Amino acid sequence: MKEIVIISGKGGTGKTVITASIAVLAKNKVMGDCDVDASNLYLLLHPEIREKNDFYAGIIPSIDLGKCTNCGRCQEVCRFEAIKIIKSQTVIDLVSCEGCGLCALVCPVQAIQMKENHCGEWYISDTKYGPLVYARLGIAEENSGKLVTLVRQNAQAIAKKNDLELIIVDGPPGIGCPLIATLSGADLAVVVTEPTLTGIHDLERVVKVAQHFGIKTAVIINKYDINLENSSKIEDWCRKDNIAIIGKIHFDNIITEALVKGVPVVEYSDNTVTKEIKDIWQKIKTIVE
2 MKEIVIISGK GGTGKTVITA SIAVLAKNKV MGDCDVDASN LYLLLHPEIR
52 EKNDFYAGII PSIDLGKCTN CGRCQEVCRF EAIKIIKSQT VIDLVSCEGC
102 GLCALVCPVQ AIQMKENHCG EWYISDTKYG PLVYARLGIA EENSGKLVTL
152 VRQNAQAIAK KNDLELIIVD GPPGIGCPLI ATLSGADLAV VVTEPTLTGI
202 HDLERVVKVA QHFGIKTAVI INKYDINLEN SSKIEDWCRK DNIAIIGKIH
252 FDNIITEALV KGVPVVEYSD NTVTKEIKDI WQKIKTIVE
């Protein structure tokens with residue numbers, strides 16, 4: 002079983018577009034969407050949800066207003082200013098709350114209880130391309146790394162149970178906790194970048210993270226022809242660091258048309274972009290085999 006993660010140093014490079022097309026081309030695989038803060042691979046793969054699960058992480062306080070005397074002790078000790086007494090009623094701002102539990106500890110009448118925080122959902126689904134595991138983290142919720150791990154574990158379990166050879170993962174942008182949770186133990190990290198200054202800067206950062214964890218890395222330059230000078234800089238940097246560039250995809254409005262239709266571009270049109278993505282997939286197979 003091989004696990005290929007497709008990542009980017011920044012959002013908007015075309016990572017999910019390429020992942021969806023690879024999902025079409027690859028055989029005997031399961032897909033996972035680890036961009037849990039803004040999951041969108043399902044928009045192109047159109048899954049039928051088979052299993053829906055709640056995701057709990059961290060703890061939050063809950064006030065029993067029948068017991069609360071509005072003494073203000075919890076407000077006094079809260080260093081995050083998450084507790085206020087408004088119109089003679091104690092109110093907790095859960096966005097400001099860090100879940101430390103001190104308010105429950107000091108409450109003289111035990112009116113505050115700490116409970117598990119429901120902060121998202123994760124799904125096991127079927128698509129015409131194979132199984133897809135994905136998740137949705139709630140707005141302003143934390144612990145996205147934990148949810149990423151849950152998505153990967155379930156994708157791995159499905160692959161093992163069904164004797165599938167590949168796990169294709171649409172990873173998160175950036176270099177934070179979700180990325181680290183996505184990368185750990187992967188066989189190949191495919192970094193999708195673009196020839197912009199921010200694209201170059203974030204490419205360098207995300208590649209360093211992958212190298213830190215000993216993950217084999219390859220690069221795709223998407224929309225390479227919008228700035229040939231910057232594309233040349235990316236190629237020079239990759240050559241200097243001995244990083245394989247496995248493909249360059251030119252800018253084409255056909256991709257936008259495919260997205261509007263909600264289908265992977267390799268299914269929408271058999272044009273030059275599709276040929277470029279097919280060539281990339283052949284190179285990826287060569288690397289992981």
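Going letter by letter, the sequence shown gives residues 2 to 290 in the numbering used here.
Just so it is clear, CB atoms sit at the ideal spot from N, CA and C, and this is done for glycine as well.
These figures come from a predicted structure and were not determined experimentally.
**Message:** Going by beta-carbon coordinates alone, are D36 and E122 separated by less than 9 Å?
**Reply:** The Cβ atoms of D36 and E122 lie no closer than 9 Å to each other.
**Limits of the unbroken alpha helix (DSSP H) element including Y269** = It spans 266-269 - the alpha helix (DSSP H) in which Y269 sits, taken as one unbroken run.
**Request:** Return the CA-CA distance between V170 and Q76, expressed in angstroms with no decimal places.
**Result:** Rounded to the nearest angstrom, the two C-alpha atoms are 44 Å apart.
**Request:** Indicate, with yes or no, if the ligand COA has a heavy atom lying under 8 Å from the CB of L204.
**Result:** With respect to small molecules bound, the structure shown includes none, and the ligand COA cannot be examined in it.
**Request:** For the beta strand (DSSP E) holding R137, just list the boundary residues, first then last.
**Result:** Element bounds for R137: 131-138.
**Message:** According to DSSP, simplified to helix, strand and coil, what is N254?
**Reply:** In the structure shown, N254 adopts helical secondary structure according to DSSP, grouped into three states.
**Message:** In whole angstroms, give me the CA-to-CA distance for V266 and D242.
**Reply:** Distance between the alpha carbons of V266 and D242 is about 31 Å.
**Item:** Cβ-based neighbour list, K147, same chain, cut-off 6 Å, excluding 5 preceding and 5 following
**Value:** Cβ within range, chain order: A58.
**Asked** Do V107 and R80 have their C-beta atoms within less than 9 Å of each other?
**Response** A distance of 9 Å or more separates the beta carbons of V107 and R80.
**Asked** Can you check whether the CB of R51 is closer than 9 Å to the CB of S126?
**Response** Between S126 and R51, the C-beta gap is smaller than 9 Å, which places the two residues in contact.
**Message:** I140 and G100 - do their beta-carbons sit closer together than 9 Å?
**Reply:** Against a cut-off of 9 Å, the Cβ pair of I140 and G100 comes out as no contact.
**Strand pairing of W123, partner residues [DSSP]** = The partner list for W123 (beta bridge, DSSP) reads N54, A136.
**Run of the beta strand (DSSP E) containing T218, from where it starts to where it stops** = Counting along the chain, the beta strand (DSSP E) containing T218 begins and ends at 218-223.
**Asked** Taking the C-alpha atoms as reference points, what is the distance between S63 and N144?
**Response** In this structure, the alpha-carbon of S63 lies about 20 Å from that of N144.
**Asked** Taking the alpha-carbon positions, what's the V78 to L103 distance?
**Response** Computed Cα separation, rounded: 7 Å.
**Prompt:** Hey, out of S97, S233, K209, whose CA is closest to N223's CA?
**Reply:** Ranking S97, S233, K209 by Cα distance to N223 puts S233 first.
**Prompt:** Between G73 and chain B, is there a C-beta pair that is closer than 9 Å?
**Reply:** Structure shown: chain B not included; a single protein chain is present.
**Message:** Quick check: what's the CA-CA separation for N254 versus T273?
**Reply:** Their backbone Cα atoms lie some 12 Å apart in a straight line.
**Prompt:** Closest to P196 by CA distance: which of E4, V6, K3, K11 is it?
**Reply:** Minimum Cα distance to P196 is reached at K11.
**Asked** Considering only the beta carbon of each residue, do K3 and L167 sit closer than 9 Å?
**Response** The answer is yes: Cβ separation under 9 Å.
**Prompt:** Just the Cα atoms here: how many angstroms apart are V220 and I5?
**Reply:** About 13 Å.
**Message:** Measuring only the C-alpha atoms, how far is I278 from A27?
**Reply:** Whole-angstrom Cα-Cα distance: 12 Å.
**Request:** Quickly, what does DSSP pair S63 with across the bridge? List them, please.
**Result:** In the DSSP secondary-structure assignment, S63 is bridged to Q114.
**Prompt:** Given a threshold of 16 other Cβ atoms within 10 Å of its Cβ, counted over all protein chains shown, does I256 qualify as buried or as exposed?
**Reply:** Around the beta carbon of I256, 16 or more other beta carbons sit within 10 angstroms, so the residue counts as buried.
**Request:** Can you tell me which of the three DSSP states L184 falls into?
**Result:** Shown here, L184 sits in a helix according to DSSP, grouped into three states.
**Prompt:** Near A112, which residues of its chain fall below 7 Å by C-beta distance, leaving aside the five closest residues on each side in sequence?
**Reply:** Excluding positions up to five away in sequence, the list reads I64, D65, K68, C69.
**Item:** Assigned exposure category for P48 - 16 Cβ within 10 Å defines buried
**Value:** Flag for P48 reads buried.
**Request:** Return the residue from the list V264, I7, I19, K161 that minimises the CA-CA distance to K129.
**Result:** Nearest option by C-alpha distance: V264.
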